[in-house]
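Residue numbers (the working numbering), protein chains in the order written: chain U, 1 to 226; chain C, 1001 to 1805.
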């Protein structure tokens, strides 16, 4: 599904190049559940952002479903993104002015989904994740775990094939974190959603099929947890 | 999608109430100002627009060369209309006489003064047909209404005023106690936007020499208040009509100088705007430059308001950056976000437009009071206005919204999610500064203009007029009857409180001179010299405290012997070619008044015969009792009220059938500067509005600066900075911008005010301190605006600020 060949990312400062990513080569098959680990500043977020098409590498090739992402026009890339990718953030990033219902509905609006269809899609999701009772609340009326749940539901609403999660449990206590991770596992197993998560926690990493260790922008080693 | 976006926008606006409030306030005041200006401009532009085929309707006007200047007049000799009608069938001409001061009496009621009585012949409604007024005639027959003498047509309003609920048709009205006219028709109340306002129309054939103080209507050269209007039949060219007028002029002019004069046609649509004929127009005249200035003012005010929006929104954009980042990561495209924020601007502009409409409706009565007009909101009910308003709102939305929407939709999603956009880019800071400079340039410019206008107003009040205008009242005498004048004099003779009593044609300032020809051996007969004669008695000098430069005032014997002696002003001696006024004493001149040849016995300093708009003319003062129509009375200070009361009771004894009219010279003088007083009020209001909107924006901007610099302030305080040091640090940038604005505004305002002042023959100078004062004023207001927030920020506990970071 995803193929990265020789991805570099650097920031020019004066005559020095500060490398964030160095020669990343990576293959991710559809249906995989992969954890990215590494200390702060090792390039996890940048890698996620590049895979999520929010950022561009300084050098290298990125194939998504066998199409070269950065050879595409902006519009095509946006379409691809809308269709296949959902983001989950550490700090949830819900829109404060919107209710739970509206936050979940928002991506559909940007995709131009019809109103009746939208209603049933959102209703299904609310039902599936048992948050019907919270649909009219605003983000600041929810706990952190609940907010992250809404964030994940929002990422799922457009039925993406790939979920990119940047430390999704970083702001949650361990019980809430476990619930979120179990949810990811379930999505991966039952719906076949490909998941790529960045995390600091070994325990969370263990939910995945494979762990990639990053250090100073390079892939240190990969291993399959027992 | 649209509904959702709108819903979100409204919620977001509600959440950031203070931001929304500031933006709404600025925009709605700006829009209200523009709306009021639109209504004023629309009102002025709708003058005389209600006649059919008005491009074929003209007024006959004249141009004469006198001495070294060209005199334009809208009044023409009374026979002009008749000649045109009789000799040129292609031209429909109507002759009117405009009476600006006529005593009206209904039955046995007390008489009163009617200011706008028009004597018109039977072709009046052919030429000025008021076709735009539906159902013009409420009663009467248009075909016969003005055909016979002693017929009158009232307007609905005056009919009600004169007769209440009674049917006025067939009733009699007495004019000036000289003639009775019968009401034969009633017109619907006419639009106020007519250059020829009237409350009553009287058939022209009613006019007789008695009503005109003995003057003969049929003589050529006598213009007084005679106006001629023509409607050219289709196919008749302007050139041929003017040729006809030229022929009439040539045939009738007797004096050499008059033959050089010219009658020509002025399109009716120009009358209200052509300042050339300002002095002889029955109603006020507005220059198109004045209207352009107004529209410019409105444009600047709305621009200032738009800039506020831009500045506030771009400052605020950084608070919204996270939201933009989220929206982009959940799939929003740049175009969708651009649309979102443009829509937000549209919502704000629309709300501001509604608020502005409300404000304008509230302000309109006040504006009408200041301008003494009756501007209505009717124009905004038309389809054209609605379309214009929609276009206007879209333009405002575009100007205000494009830049902030571009900035917002252009944010990099990663950076904005990480809050790395805390500092705005250099170019946007520069742009914001440039916009603030523009705002303050405009406001300071307006303040400078206001100050200059105020100075000129003050100059009017304090200018030496060449006589003393304090404590002098002028009482009109309705009849020139020597028996009554003597009776009035004897009643007041021993009245305490009266210092001096003089009979005359009018006060020096009243513009009530008789324009006559001036001849002297050294003056060429071909040039056509003229002088203004003020008939007055011996007491005139003391009543008005005239200053004499040379010679003496009239002796009692000279007062008896009419036409023997004259006192002239310095200008007249200059016309005669004397540099030293004393040289003129003893010389004889000839005046076109009974062809008198008086000897100059005294010379006064130049005094103003009309407002300071005009140069001082040649003036001759001579006893001539046939033209005593006023009493100038100097009151002694103290207890003026009782003196005035006894003057009135004496007057009523002498003239029981007439209307008592009295005015302090001061007040009369003030009236001649009405237009300037209005300009001044308008400017004051608009500069106040613009500086207010600027300050709203400044308030918003400083709020963001304070937030951004909270940490810096905390660190500085920990390091020992003083409160005043921090206030200065925060204010310095803004004060610098205002300084720049002052530098830009000064020359521009100077240029415009120099132009404005050029209209006055006597004017104040524009001194440097006006610019300094304007700058100081703007600085002061800006400081007051920002001080609340800067001082609060400077006083805040630094430890707390640093902790929250």
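Positions of the beta carbon are idealized from the N, C-alpha and C atoms, including for glycine.
Can you give the beta carbon distance from residue i to residue j, rounded, assuming they're within the 8 Å contact cut?
i	j	result
residue 1224 of chain C	residue 1084 of chain C	About 19 Å separates the two Cβ atoms, so there is no contact after all.
residue 1396 of chain C	residue 1306 of chain C	6 Å
residue 1000 of chain C	residue 1405 of chain C	With chain C covering only 1001 through 1805, there is no way to say anything about residue 1000 of chain C.
residue 1348 of chain C	residue 1024 of chain C	6 Å
residue 1665 of chain C	residue 1463 of chain C	14 Å between Cβ atoms; not a contact.
residue 157 of chain U	residue 121 of chain U	6 Å
residue 1746 of chain C	residue 1448 of chain C	7 Å
residue 1140 of chain C	residue 1173 of chain C	Going by Cβ atoms, the distance from residue 1140 of chain C to residue 1173 of chain C rounds to 15 Å, so no, they are not a contact pair.
residue 208 of chain U	residue 51 of chain U	Between residue 51 of chain U and residue 208 of chain U the Cβ distance is about 15 Å, and since that is not below 8 Å, they are no contact.
Distance cutoff 9 Å, beta carbons only. Does residue i sit that close to anything in chain U?
i	result
residue 1345 of chain C	no
residue 974 of chain C	Not covered by the structure: residue 974 of chain C. The range shown for chain C is 1001 to 1805.
residue 1413 of chain C	yes
residue 1716 of chain C	no
residue 1439 of chain C	no
residue 1160 of chain C	no
residue 1804 of chain C	With a pLDDT of 49 at residue 1804 of chain C, under the threshold of 50, the predicted position of this residue should be treated as unreliable, though the coordinate-derived value follows. No, no contact with chain U.
residue 1007 of chain C	yes
residue 980 of chain C	Any answer about residue 980 of chain C is impossible in this case: the structure gives chain C only from 1001 up to 1805.
residue 1017 of chain C	no
residue 1004 of chain C	yes
Going by other Cβ atoms of all chains shown within 10 Å of its Cβ, with 16 needed for buried, is residue i buried or exposed?
i	result
residue 1219 of chain C	exposed
residue 1804 of chain C	Because residue 1804 of chain C sits at a pLDDT of 49, beneath the cut-off of 50, its placement in the model cannot be relied upon, and the following sentence gives the value as read from the coordinates. With fewer than 16 other Cβ atoms within 10 Å, it is exposed.
residue 1015 of chain C	exposed
residue 76 of chain U	exposed
residue 167 of chain U	buried
residue 1216 of chain C	exposed
residue 1018 of chain C	exposed
residue 154 of chain U	buried
residue 1544 of chain C	buried
residue 1298 of chain C	buried
residue 1249 of chain C	buried
residue 177 of chain U	buried
residue 1041 of chain C	buried
residue 1341 of chain C	buried
residue 1556 of chain C	exposed
residue 38 of chain U	buried
residue 1553 of chain C	buried
residue 221 of chain U	exposed
Using only CA atoms, which one of the options lies nearest to residue i?
i	options	result
residue 1114 of chain C	C:1693, C:1749 and C:1658	C:1658
residue 1576 of chain C	C:1556, C:1620, C:1130 and C:1769	C:1620
residue 1381 of chain C	C:1787, C:1735, C:1680 and C:1035	C:1035
residue 1551 of chain C	C:1570, C:1544, C:1535 and C:1557	C:1570
residue 1467 of chain C	C:1509, C:1453, C:1298 and C:1478	C:1509
residue 1184 of chain C	C:1389, C:1703, C:1144 and C:1700	C:1144
residue 1491 of chain C	C:1317, C:1120, C:1010 and C:1652	C:1652
residue 1047 of chain C	C:1078, C:1168, C:1192 and C:1062	C:1192
Residue i versus chain C: which residues are under 8 Å apart at the beta carbon?
i	result
residue 78 of chain U	1331 and 1333
residue 55 of chain U	1414
Is there a Cβ from chain C that is less than 9 Å from the Cβ of residue i?
i	result
residue 49 of chain U	yes
residue 111 of chain U	yes
residue 221 of chain U	no
residue 119 of chain U	no
residue 16 of chain U	no
residue 81 of chain U	yes
residue 106 of chain U	yes
residue 6 of chain U	no
residue 167 of chain U	no
residue 123 of chain U	no
Cβ closer than 9 Å: which chain C residues qualify as neighbours of residue i?
i	result
residue 161 of chain U	Simply none; closest approach about 14 Å.
What in chain U is Cβ-close to residue i, meaning under 8 Å?
i	result
residue 1417 of chain C	89 and 93
residue 1012 of chain C	97
Quick one: which chain C residues come within Cβ less than 7 Å of residue i?
i	result
residue 154 of chain U	1330
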